[in-house]
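Read through the structure below, which is laid out as structure tokens, and then see the notes.
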Amino acid sequence: MPLKLNFACGEYDRTLPFRTGDVRAEGIELNYTPQAPELTFYEQMKDLRWDVSEMSTSAYVQMRAKGRNDLIALPVFPSRVFRHSALYVRTDSDIRRPEQLRGKRVGIGWYQMSGAVWCRGALMDDYGVMPHEIEWVSGTDVKAAANADQVHQAGDMVAGTKHDKPRLEVMLENGEIDALLSVHSPRAMERNEGTVRYLFENCREVEEDYFRRTGIFPIMHTIVMKQEIYDQHQWAAQSLFDAFEEAKNRAVAKLYDLNALSVAVPFIVHEIEHTRRLMGPDYWPFGLAANSHCISTFVRHLHDQEIIASKPDISELFLNINSKRAAA
Numbered sequence: 013m014p015l016k017l018n019f020a021c022g023e024y025d026r027t028l029p030f031r032t033g034d035v036r037a038e039g040i041e042l043n044y045t046p047q048a049p050e051l052t053f054y055e056q057m058k059d060l061r062w063d064v065s066e067m068s069t070s071a072y073v074q075m076r077a078k079g080r081n082d083l084i085a086l087p088v089f090p091s092r093v094f095r096h097s098a099l100y101v102r103t104d105s106d107i108r109r110p111e112q113l114r115g116k117r118v119g120i121g122w123y124q125m126s127g128a129v130w131c132r133g134a135l136m137d138d139y140g141v142m143p144h145e146i147e148w149v150s151g152t153d154v155k156a157a158a159n160a161d162q163v164h165q166a167g168d169m170v171a172g173t174k175h176d177k178p179r180l181e182v183m184l185e186n187g188e189i190d191a192l193l194s195v196h197s198p199r200a201m202e203r204n205e206g207t208v209r210y211l212f213e214n215c216r217e218v219e220e221d222y223f224r225r226t227g228i229f230p231i232m233h234t235i236v237m238k239q240e241i242y243d244q245h246q247w248a249a250q251s252l253f254d255a256f257e258e259a260k261n262r263a264v265a266k267l268y269d270l271n272a273l274s275v276a277v278p279f280i281v282h283e284i285e286h287t288r289r290l291m292g293p294d295y296w297p298f299g300l301a302a303n304s305h306c307i308s309t310f311v312r313h314l315h316d317q318e319i320i321a322s323k324p325d326i327s328e329l330f331l332n333i334n335s336k337r338a339a340a
């Protein structure tokens, strides 16, 4: 009899094979529920709704750092994004450099979210801009602060997805805040209204330079499983890891299908080739060894930003599983 596990995660090209049945974890019947990541985080932090789930890396590390050990992470990362491009200002703003954020009001949906941690980490490391030098304005009912209640923050974020236009975007357009740190592209940007721009106007160049200097492709989300399930079925962690890696590899391979493009991006193959020249053939690696520097840097950022009081070792956070391809 296969091990039956309930699984919640966003539906990405790298997880779609679990819904179609093209990829299966050996010995496991994975009941996949595709849903918004924020909802999954909230449910998992509140009542451990899922046997296996996508999880905010920031929320997960905080849980472990505070002694909550009912989840354990696989070194699988369904979401990774460079976040210099998460800073927005009005088109008519005189803010052109990150150093000009000192003393300014910056909107933020969830102060502790992984994207914000990475963005503030870059501001600190590369530009000397400290979090306390900025006035953070919350987009939720919870004050934007390092010690804010993350469960209630997540709940507010889930509720906020029902609004037609998030209030922080309105505040930016009205001049009530000077800048916005958001993991969602403002609607004014999506609609090309010409009222909002990136703070880093050459953000792709800045993000590529960041990778060249650090070797880091920032991790946003990881995959967790209940500790009690792992304790009873340790083999399941490797089986799940192998399945996630197979699904990711299939998604990447499909990007090269020129017979009919798998995504609506005309020059996708050229983009992939450019990315591989910059980041290497496996530019989205899974496994602990390939991601140890990235993870330890993220934990340092959490500590430096006073979100966690102590820095857990990565061996306490992630199972020591690595890609078979990397080992070959």
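For the sequence shown, the working numbering assigns the number 13 to the initial residue and increments by one for each residue that follows.
The beta carbon of each residue, even a glycine, is placed where N, CA and C say it ideally should be.
Quick caveat, the model's predicted, so the values are computed rather than measured.
Terminal residues of the beta strand (DSSP E) in which S150 lies: As a first step, residue 150 must be located in the sequence shown, where it is residue number 138. E147 to S150 is the span of the beta strand (DSSP E), which, as asked, contains S150.
For Y139 and I107, the rounded distance between their alpha carbons: Reading the sequence shown from its first residue, position 95 is the one you call residue 107. Reading the sequence shown from its first residue, position 127 is the one you call residue 139. C-alpha separation (whole angstroms): 14 Å.
Residue span of the beta strand (DSSP E) that contains H233, given as start and end: In the sequence shown, residue 233 corresponds to position 221, counting from 1. Where H233 is concerned, the enclosing beta strand (DSSP E) stretches over I231 to K238.
Sub-7 Å separation of L15 and I40 beta-carbons: As a first step, residue 15 is located in the sequence shown; it is residue number 3 there, counting from the start. As a first step, residue 40 is located in the sequence shown; it is residue number 28 there, counting from the start. Yes. Within cutoff.
Unbroken alpha helix (DSSP H) run spanning I280, endpoints: Here the question's residue 280 lines up with position 268 in the sequence shown. Here the alpha helix (DSSP H) through I280 covers I280 to M291.
Cβ pair W148, V129 closer than 7 Å: Along the sequence shown, one-based indexing puts residue 148 at 136. Along the sequence shown, one-based indexing puts residue 129 at 117. No, the Cβ-Cβ distance between W148 and V129 is not below 7 Å.
Residues near N261 by beta carbon distance below 7 Å, same chain, minus five either side: Along the sequence shown, read from residue 1 onward, the residue named residue 261 stands at position 249. There are no such residues.
Same chain, Cβ closer than 8 Å to A158, five either side skipped, listed in chain order: Taking the first residue of the sequence shown as position 1, residue 158 is located at position 146. Around A158: Y123, Q124, P143, Q317, E318 and I319.
Cβ-based burial, G79 [other Cβ within 10 Å; buried from 16]: Counting from one through the sequence shown, the residue named residue 79 turns up at place 67. Per the 10 Å Cβ criterion, exposed.
Nearest residue (CA-CA) to R288, options Y268, A272 and S274: Position 276 of the sequence shown, counted from the start, is the residue given in the question as residue 288. Among Y268, A272 and S274, the Cα nearest to that of R288 is on Y268.
Enclosing alpha helix (DSSP H) for F30 [first to last residue]: One-based indexing of the sequence shown puts residue 30 at position 18. L28 to T32 is the span of the alpha helix (DSSP H), which, as asked, contains F30.
Which of helix, strand or coil DSSP assigns to F256: Here residue 256 refers to the residue found at position 244 of the sequence shown. F256: helix per DSSP, three-state reduction.
Where N204 falls, given that 16 or more other Cβ within 10 Å makes a residue buried: The count along the sequence shown starts at 1 and reaches residue 204 at position 192. So N204 counts as exposed.
Reference R179; option with closest CA among S150, V281 and D294: By 1-based counting over the sequence shown, the position of residue 179 is 167. Of the listed residues, the one whose Cα sits closest to R179 is S150.
Enclosing beta strand (DSSP E) for P87 [first to last residue]: In the sequence shown, residue 87 corresponds to position 75, counting from 1. P87 -> beta strand (DSSP E) spans L83 to R92.
Beta carbon of A98 nearer than 7 Å to that of G127: Here the question's residue 98 lines up with position 86 in the sequence shown. Here the question's residue 127 lines up with position 115 in the sequence shown. Closer than 7 Å, so yes.
Alpha-carbon to alpha-carbon, S70 and D153: If you number the sequence shown from 1, residue 153 lands on position 141. If you number the sequence shown from 1, residue 70 lands on position 58. Each residue's alpha carbon lies about 20 Å from the other.
Continuous beta strand (DSSP E) stretch holding L15: start and end: Reading the sequence shown from its first residue, position 3 is the one you call residue 15. Its beta strand (DSSP E) spans residues L15 to C21.
Nearest-angstrom Cα separation, counted from P293 out to A340: Reading the sequence shown from its first residue, position 328 is the one you call residue 340. Reading the sequence shown from its first residue, position 281 is the one you call residue 293. Residue placement at A340 is poorly supported in this model, since its pLDDT is 46, which falls under 50; the coordinates still yield a value, given next. Rounded to the nearest angstrom, the two C-alpha atoms are 14 Å apart.
For Y1: DSSP bridge partner residues: Any property of residue 1 remains undetermined from this structure, which presents the chain solely from 13 to 340.
Cβ-Cβ separation, M67 to Q74 (assumed contact under 8 Å), whole Å: As a working mapping, residue 74 is identified with position 62 in the sequence shown. As a working mapping, residue 67 is identified with position 55 in the sequence shown. In fact, because the Cβ distance is near 11 Å, the residues do not count as touching under 8 Å.
C-alpha gap between Y100 and G133, whole angstroms: The sequence position of residue 100 within the sequence shown is 88, counting from 1. The sequence position of residue 133 within the sequence shown is 121, counting from 1. Rounded to the nearest angstrom, the two C-alpha atoms are 17 Å apart.
Sufficient close CB pairs (3 or more, under 8 Å) joining the region 27-42 to the region 280-287: no
Of the residues R114, K155 and R312, the one placed nearest V141, counting alpha carbons only: Position 129 of the sequence shown, counting from 1, holds the residue named residue 141. Looking at the Cα atoms, R114 is the closest of the given residues.
Under 7 Å between C-beta atoms of L17 and D63: Along the sequence shown, read from residue 1 onward, the residue named residue 17 stands at position 5. Along the sequence shown, read from residue 1 onward, the residue named residue 63 stands at position 51. Cβ atoms of L17 and D63: closer than 7 Å.
6 Å Cβ shell around E23 - same chain, five flanking residues per side excluded: For the purposes of this step, residue 23 is identified with residue 11 of the sequence shown, where counting begins at 1. Cβ within range, chain order: P46.
Span separating the alpha-carbon of N334 from that of A249: Sequence index remark: in the sequence shown, residue 334 carries index 322 (1-based). Sequence index remark: in the sequence shown, residue 249 carries index 237 (1-based). Going by the C-alpha atoms only, they are around 11 Å apart.
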